[in-house]
Amino acid sequence: MTASSPSLDLVDAIARGERSASEVLEHSLGRIEATDGRVNAFTRISHERARREAAAIDRRRSRGEALPPLAGLPYAVKNLFDIEGEVTLAGSKINRDHAPARADAVLVRHLQTAGAVLVGSLNMDEYAYGFTTENTHYGPTRNPHDLARIAGGSSGGSGAAVAAGQVPLTLGSDTNGSIRVPASLCGVWGLKPTFGRLSRRGSYPFVHSIDHLGPFADSSTHLALAYDALQGPDPLDPGCHALAVQPAGSQMHRGIDGLRIGMLDGYFLENAAAEAREAVQAAARTLGGVELVEWPDAALARAAAFIISASEGGTLHLPELRTRADDFEPLSVDRFIAGALQPAAWYVRAQRFRRIYRDKVNALFKSWDVLLAPATPVCAPLIGTEWLEINGQRHP
Amino acid sequence: MDPAEVLNYVKATAVMLDLPLDVDRASRVASHMARTAALAGLLDALAIAVDDEPAELFRPAPFAPLEPGA
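Going down the list, the protein sequences come from chains A and B.
Counting in the numbering used here, the first sequence runs from 27 upward without gaps.
Counting in the numbering used here, the second sequence runs from -8 upward without gaps.
And the structure:
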């Protein structure tokens, strides 16, 4: 990972007319063709649409128009985002029977307005219920740094496509870590924004009360510019409470001066392998965040998130679980069914705890601006790994 | 929790929800349910007052004002 960005150079080069958007797109398509047989990040490539969008940027440039901020930048989306005219798979076999989407997802429309060029859709865990993108229907996405290892999940294609240099920008979703995990394991930048900042309309849901959408990128600066393009109010998404856009890209020059930075202790370090602890400690030394901070009720929060996700996710898919259970991903179908059958008392108690927990976390951020923790407790495991052993404890 | 009781619960609630389960699947689902029961036990052990309501849909705080000239 680097703070500088070849993709920013690309945007500048296109704006100056040194490179055409079509030329940049063909380079991206060539890179995908050369690498995706091994990585398996893409489930569909939209050649026609991509070439049409790139040509439109080049025409605007030739007419002397001012170009939007991401003009000509190739990107791809997790295949739970609606793309007009295409079926939204959400990593499943069942959704192949759905009608094609009648419109693009809101965030795809925002990126199109910003001039980015949509190249295709990306592999994921079925219905976003997983951390590995070992998808039985579409094959595992492999980590570009070591093809024997997972890319993480559930937005594994989104992390791997950036890490493989196929596209400099992707979109994913995050309910319990599905942006953070693949970004960490693939060594790229990922942002799970605060719940309610970005519209989720036109994306296939997993857990309505926890789902977030967000970007992956090849630099922090580029991530900020993409986040700016993605923001905007959407009164038609009940989970989107943004009333205005707060630009992040223009704030990057401020650096970290004045930020109160700490490092999380306790649960986060106790449940991390040595290499993960060393990585976060190196970041803490660089950023000056050496004071240790205890995050409140982390184990309880994990339990509540697990119960809420299982219950909402299982209930969402109950009609298909009744009739087509054998068509679900074998790795997650039994968890979906268990979630659908959970006692309501567990779910309600988890939601009552959630309010108490939220207030404690909000109070913590009155004292801190940035709290560092490992995004994943280990390096990318080998494909097929069923159990992780961390500090003498086995985890499924 | 007794594994047989968890399996009985899974079978009974599957009937209530009209969700067919064969023997092998019921057993695998029961294993997941037992694991979740252990997590639910952590929350059950927590003291929650009667007026602690379920969380509403989260709304982020308003944006902080930007620096002048930003």
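Each residue gets a CB set at the ideal place from its N, CA and C atoms; glycine is no exception.
**Request:** Would you give the residue range spanned by the alpha helix (DSSP H) that residue 14(A) belongs to?
**Result:** Lying outside 27 to 422, the shown extent of chain A, residue 14(A) is not represented and no answer is given.
**Request:** Compute the Euclidean distance between the alpha carbons of residue 102(A) and residue 112(A), then round it to the nearest angstrom.
**Result:** Reading the first sequence from its first residue, position 76 is the one you call residue 102(A). Reading the first sequence from its first residue, position 86 is the one you call residue 112(A). For residue 102(A) and residue 112(A), the distance between alpha carbons rounds to 14 angstroms.
**Prompt:** Which residue from 241(A), 204(A) and 310(A) puts its Cα closest to that of residue 255(A)?
**Reply:** Walking along the first sequence from the start, residue 255(A) turns up at place 229. For residue 255(A), the closest of 241(A), 204(A) and 310(A) by C-alpha to C-alpha distance is 241(A).
**Request:** Work out the CA separation of residue 366(A) and residue -3(B) for me, nearest whole Å.
**Result:** As a working mapping, residue -3(B) is identified with position 6 in the second sequence. As a working mapping, residue 366(A) is identified with position 340 in the first sequence. Their Cα atoms are separated by approximately 15 angstroms.
**Message:** Which residues of the region 265 to 281 of chain A have a Cβ closer than 7 angstroms to any Cβ of chain B? Give them in chain order.
**Reply:** Those would be 265, 267, 270, 272, 276 and 277, in chain order.
**Request:** Report yes or no: do three or more beta-carbon pairs, one from the region 61 to 77 of chain A and one from the region 167 to 180 of chain A, lie closer than 8 angstroms?
**Result:** A contact between stretches requires three or more CB pairs, one per stretch, nearer than 8 angstroms, and the region 61 to 77 of chain A meets this requirement with the region 167 to 180 of chain A.
**Prompt:** Closest by CA to residue 22(B), which one among 54(B), 51(B), 47(B) and -1(B)?
**Reply:** Position 31 of the second sequence holds residue 22(B). The shortest C-alpha separation from residue 22(B) is found at -1(B).
**Message:** As a quick exercise: from 413(A), 333(A) and 402(A), pick the residue whose alpha carbon is nearest that of residue 34(B).
**Reply:** Position 43 of the second sequence, counted from the start, is the residue given in the question as residue 34(B). Looking at 413(A), 333(A) and 402(A), the one whose alpha-carbon comes closest to that of residue 34(B) is 333(A).
**Prompt:** Are the region 347 to 354 of chain A and the region 115 to 135 of chain A touching, with three or more C-beta to C-beta distances below 8 angstroms?
**Reply:** A contact between stretches requires three or more CB pairs, one per stretch, nearer than 8 angstroms, and the region 347 to 354 of chain A meets this requirement with the region 115 to 135 of chain A.
**Request:** Scan the region 181 to 243 of chain A and note each continuous beta strand (DSSP E) run of 3 residues or more that stays entirely inside, going in chain order.
**Result:** The region 181 to 243 of chain A contains these whole beta strand (DSSP E) runs: 195 to 200 and 238 to 243.
**Endpoints, the alpha helix (DSSP H) within which residue 2(B) is located** = For this step, residue 2(B) is matched to residue 11 along the second sequence. Its alpha helix (DSSP H) spans residues -6 to 7.
**Prompt:** For residue 378(A), which beta-bridge partners are listed by DSSP?
**Reply:** In the first sequence, residue 378(A) corresponds to position 352, counting from 1. DSSP lists no partner for residue 378(A).
**Bridge partners - residue 169(A), DSSP secondary structure assignment** = Translated into positions along the first sequence, residue 169(A) becomes position 143. The partner list for residue 169(A) (beta bridge, DSSP) reads 172(A).
**Request:** State yes or no: is the beta carbon of residue 361(A) nearer than 8 angstroms to at least one beta carbon in chain B?
**Result:** Position 335 of the first sequence, counting from 1, holds the residue named residue 361(A). Yes, residue 361(A) lies at the interface with chain B (some Cβ there is under 8 angstroms from its Cβ).
**Message:** Within 10 Å of its beta-carbon, does residue 419(A) have 16 or more other beta-carbons around it, so buried, or fewer, so exposed?
**Reply:** Residue 419(A) sits at position 393 when you count from the first residue of the first sequence. That one is exposed.
**Request:** Using a Cβ cut-off of 7 angstroms, pull out every chain A residue sitting near residue 44(B), in sequence order please.
**Result:** Within the second sequence, the letter at position 53 stands for residue 44(B). Correct list: 378 and 381.
**Message:** If I measure Cβ to Cβ from residue 266(A) and keep anything under 8 angstroms in the same chain, skipping five residues before and after, which residues do I get?
**Reply:** Here the question's residue 266(A) lines up with position 240 in the first sequence. Counting only Cβ-Cβ distances below 8 angstroms, and skipping sequence neighbours, we find 222, 223, 224, 225, 226, 227, 259 and 260.
**Message:** Within a Cβ cutoff of 7 angstroms, which residues of the same chain sit near residue 173(A), ignoring the five residues on either side of it in sequence?
**Reply:** For this step, residue 173(A) is matched to residue 147 along the first sequence. Answer for residue 173(A): 64, listed in chain order.
**Asked** Of the choices 107(A), 305(A), 194(A) and 192(A), whose alpha-carbon is the least far from that of residue 153(A)?
**Response** In the first sequence, residue 153(A) corresponds to position 127, counting from 1. Residue 153(A) has its Cα closest to that of 107(A), out of 107(A), 305(A), 194(A) and 192(A).
**Request:** Give a yes or no on whether the C-beta atoms belonging to residue 70(A) and residue 147(A) are separated by under 8 angstroms.
**Result:** Here the question's residue 70(A) lines up with position 44 in the first sequence. Here the question's residue 147(A) lines up with position 121 in the first sequence. Yes. Within cutoff.
**Request:** Return the chain-ordered list of same chain residues with a C-beta closer than 7 angstroms to the C-beta of residue 218(A), the five sequence neighbours on each side being excluded.
**Result:** Within the first sequence, numbered from 1, the residue matching residue 218(A) stands at position 192. Cβ neighbours of residue 218(A) beyond the five flanking positions: 200, 205, 206, 238 and 240.
**Request:** If I'm right that residue 77(A) touches residue 51(A) with Cβ under 8 angstroms, what's the distance once you round it to whole angstroms?
**Result:** The residue labelled residue 77(A) in the question sits at position 51 within the first sequence. The residue labelled residue 51(A) in the question sits at position 25 within the first sequence. Confirmed, Cβ separation roughly 7 angstroms.
**Item:** Cβ-Cβ separation, residue 243(A) to residue 215(A) (assumed contact under 8 angstroms), whole Å
**Value:** Locating residue 215(A) in the first sequence gives position 189, where the first residue counts as 1. Locating residue 243(A) in the first sequence gives position 217, where the first residue counts as 1. Your pair residue 215(A) and residue 243(A) checks out as a contact, with CB atoms roughly 5 angstroms apart and the cut at 8 angstroms.
**Prompt:** Which bits of chain A does residue 76(B) rub up against, with CB to CB less than 8 angstroms?
**Reply:** Residue 76(B) lies beyond the range of chain B shown here (-8 to 61); nothing can be said about it.
**Item:** Below-8 angstroms beta-carbon distance, residue 332(A) vs any chain B residue
**Value:** As a first step, residue 332(A) must be located in the first sequence, where it is residue number 306. Cβ-Cβ to chain B under 8 angstroms: yes for residue 332(A).
**Item:** Short-range partners of chain D found in the region 209 to 222 of chain A, where Cβ spacing is below 7 angstroms
**Value:** Here chain D cannot be found, since the structure's protein chains are A and B.
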